[in-house]
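Undergrad: FYI, the numbering for the sequence shown is 19 to 280, going by my numbering.
Ideal Cβ positions, reconstructed from N, Cα and C, are used throughout, including at glycine.
My structure is below; once you've seen it, I'll send some questions.
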Amino acid sequence: MQDPKSILITGGSSGIGAALALAYAAPGVRLALTGRHRERLDQVAAQCRAAGAEVVTGIVDVCARAELAAWMAGQDDARPLDLVIANAGISAGTGAYGETDRQARQIFEVNFDGVVNTALPAAALMRPRRRGQIAIMSSLAGFRGFPGAPAYCASKAGVRVWGEALRGMLSRDGIEVSVICPGYVKSPMTDRNDFPMPFLMEAGRAAQIIRRGLAANRSRIVFPRRLAAAVWLLALLPPGWTDGLLARLPEKSADPDSQAGA
Ligand SMILES: NC(=O)c1ccc[n+]([C@@H]2O[C@H](COP(=O)([O-])OP(=O)(O)OC[C@H]3O[C@@H](n4cnc5c(N)ncnc54)[C@H](OP(=O)(O)O)[C@@H]3O)[C@@H](O)[C@H]2O)c1
19 MQDPKSILIT GGSSGIGAAL ALAYAAPGVR LALTGRHRER LDQVAAQCRA AGAEVVTGIV
79 DVCARAELAA WMAGQDDARP LDLVIANAGI SAGTGAYGET DRQARQIFEV NFDGVVNTAL
139 PAAALMRPRR RGQIAIMSSL AGFRGFPGAP AYCASKAGVR VWGEALRGML SRDGIEVSVI
199 CPGYVKSPMT DRNDFPMPFL MEAGRAAQII RRGLAANRSR IVFPRRLAAA VWLLALLPPG
259 WTDGLLARLP EKSADPDSQA GA
């Protein structure tokens, strides 16, 4: 959608979500931002207000389905939502531990259920007016399972495929759906990685790419291209050919108690 004026972003308190908020912040734009950390959210809101946007913040966990739906409905009442970006997500420490049982379930809850909890109410709000756009945050990690992050990869594959199908289904209602698949983007999530991240990109640049892709109503917004090409090749080859290579890739450092980051 070109020039959305009422935008809701989950996970707007840091990283890519915050960069997206700033990318859209301008006079005449209303931003509704969620996160769980008040201080970080307020900092982003202040920057967006300085750029001329009207900003509303909500401390809402994307796993709290009813609370999130009610908050979204309130934002839609205040100004009908043009664009909803289901961005909130977590990754877990692996390394020596692998994803713990608790981490794996949290990742699915936030990265998959949290996206469903955001996109379905958005669709219900947009459907009567036959207008609106939903963006779903997947990842290049959603094209092939990597041993360092099984639940993360699976959660991102799940929302990617769900979003692609949703695009066809909701097009009948006049609603646009795009799936976003970034490679490595500098953020608190990747700051903890102590291994080389090929083609690591600043969050501001990623936000501009995403914004352009959404304005063009692209089905998939995949970047950077060179890393995407490598991942697609990995996904195309028979898994047995690449398992050995992937098993040797560096992993995030172990942090069994961390809910985000690593
Ligand atoms: N960075 C990358 O390289 C990369 C690559 C591909 C895809 N992605 C995806 O991009 C999205 C943003 O990641 P990021 O790199 O910007 O990470 P980040 O800086 O850690 O930001 C994650 C955001 O999600 C929010 N969040 C986490 N759990 C939440 C919950 N239960 N309820 C509500 N909000 C929650 C966080 O809010 P609080 O901190 O306030 O809780 C924060 O605003 C994620 O879905 C991630 O998987 C990132």
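Can at least three beta-carbon pairs, one atom from the segment 177-189 and one from the segment 260-269, be found at a separation below 8 Å?
TA: No contact exists between the segment 177-189 and the segment 260-269.
Undergrad: Am I right that I108 and T28 are in contact with their C-beta atoms under 8 Å? What's the rounded C-beta distance?
TA: The pair is not a contact, with the Cβ atoms about 12 Å apart (cut-off 8 Å).
Undergrad: Does the beta carbon of P165 fall short of 8 Å from some heavy atom of ligand 1?
TA: No, Cβ of P165 sits at least 8 Å from all heavy atoms of ligand 1.
Undergrad: Please go through the same chain and pick out, in chain order, the residues whose beta-carbon is closer than 6 Å to the beta-carbon of A278, but skip the five residues on each side of it.
TA: Residue confidence is low: A278 scores 39 on pLDDT, short of 50, so the model does not pin down where it sits. Its coordinate-derived value is still stated next. Same-chain partners within the cutoff: I108.
Undergrad: If you check the beta carbons only, do S173 and R236 fall under 9 Å apart?
TA: Result no, Cβ atoms of S173 and R236 do not sit closer than 9 Å.
Undergrad: Taking its Cβ as the centre, do 16 or more other Cβ atoms sit within 10 Å of S31, making it buried, or is it exposed?
TA: Classification of S31: buried, given that the 10 Å Cβ count is 16 or more.
Undergrad: Using alpha carbons as the reference points, say which of A69, L99, D212 and A37 lies closest to R58.
TA: Selected option, being the one with the closest Cα: A37.
Undergrad: Which residues bound the alpha helix (DSSP H) around T151?
TA: A quick correction: the sequence has Gln, not Thr, at residue 151. Per DSSP, Q151 belongs to no alpha helix (DSSP H); it is in the beta strand (DSSP E), G150 to M155.
Undergrad: To the nearest angstrom, how far is the alpha carbon of A225 from that of I34?
TA: Answer to the nearest angstrom: the Cα atoms are 7 Å apart.
Undergrad: Would you identify the three-state DSSP class for F217, choosing helix, strand or coil?
TA: Three-state result, F217: coil.
Undergrad: Can you tell me whether E72 is helix, strand or coil according to DSSP?
TA: E72 falls in the strand class under three-state DSSP.
Undergrad: Short check: CB of I193 to CB of R229, under 9 Å?
TA: Taking 9 Å as the Cβ cut-off, I193 and R229 do not qualify as a contacting pair.
Undergrad: Does the beta carbon of A246 fall short of 8 Å from some heavy atom of ligand 1?
TA: No, since every heavy atom of ligand 1 falls outside the 8 Å radius drawn around the Cβ of A246.
Undergrad: Quick one: which unbroken beta strand (DSSP E) runs of 3-plus residues sit fully inside the segment 86-116? Chain order, please.
TA: Here the runs fully enclosed are 101-104.
Undergrad: Which residues mark the beginning and the end of the beta strand (DSSP E) in which A50 is found?
TA: R48 to G53 is the span of the beta strand (DSSP E), which, as asked, contains A50.
Undergrad: Starting from the C-beta of F130, find all residues in its chain whose C-beta is less than 7 Å away, skip the five residues before and the five after it, and write them out in chain order.
TA: Within the same chain, F130 has close Cβ partners S173, G176 and V177.
Undergrad: Out of curiosity, what's the CA-to-CA distance linking R243 and Q121?
TA: Roughly 30 Å between the two C-alpha positions.
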